[in-house]
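Counted from 1, the sequence shown has number 108 at position 60 by our numbering; the numbering is strictly sequential. A short worksheet on the structure shown next.
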Amino acid sequence: MDPNWGISKNVLHNRHKIQGFVKYVTQKLVYQFDPDIITLKMQLFFSLNCQENDEIVRRLRAQLNVKILPLQMNITRVTYLGAADSKTNQKFYKKLIYYMSLHSGMGNPTHENV
49 MDPNWGISKN VLHNRHKIQG FVKYVTQKLV YQFDPDIITL KMQLFFSLNC QENDEIVRRL
109 RAQLNVKILP LQMNITRVTY LGAADSKTNQ KFYKKLIYYM SLHSGMGNPT HENV
């Protein structure tokens with residue numbers, strides 16, 4: 049909405065402004081491929097469809113946390129990494145990177161691009 053029209057709860061009694069706004073909107077609606085109309089359609093689509101996406105993302109995050117909990121427990125059980133055993137250190141760091149990649153949702157940590 050363009051705030052220049054000055055339409056608010058207080059202005060609803062000004063018939064002239066409301067008529068001008070309605071006339072403007074009906075003229076714009078004639079042109080379906082006008083950028084303003086396309087923007088309004090996109091805003092309507094996202095407002096109708098994306099509200100439930102928050103709940104979907106929350107459920108997926110909860111499922112992901114359950115799946116990576118064993119890896120998290122494995123990482124937190126490590127008490128001390130000695131400087132002498134580099135293979136153990138590498139395994140630990142690899143687990144840590146896998147956990148961070150999976151938890152952040154960056155993708156499959158076995159792929160080099162991730």
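Quick reminder that beta carbons are idealized off the backbone N, C-alpha and C, glycines included.
- Three or more beta-carbon pairs separated by less than 8 Å link the segment 149-162 to the segment 104-119, which places the two stretches in contact.
- When only Cα atoms are considered, Y72 and E103 end up about 37 Å apart.
- Within the segment 59-135, the complete alpha helix (DSSP H) runs of at least 4 residues fall at 63-78, 83-97, 99-124.
- For M154, the secondary structure class from DSSP, reduced to helix, strand or coil, is coil.
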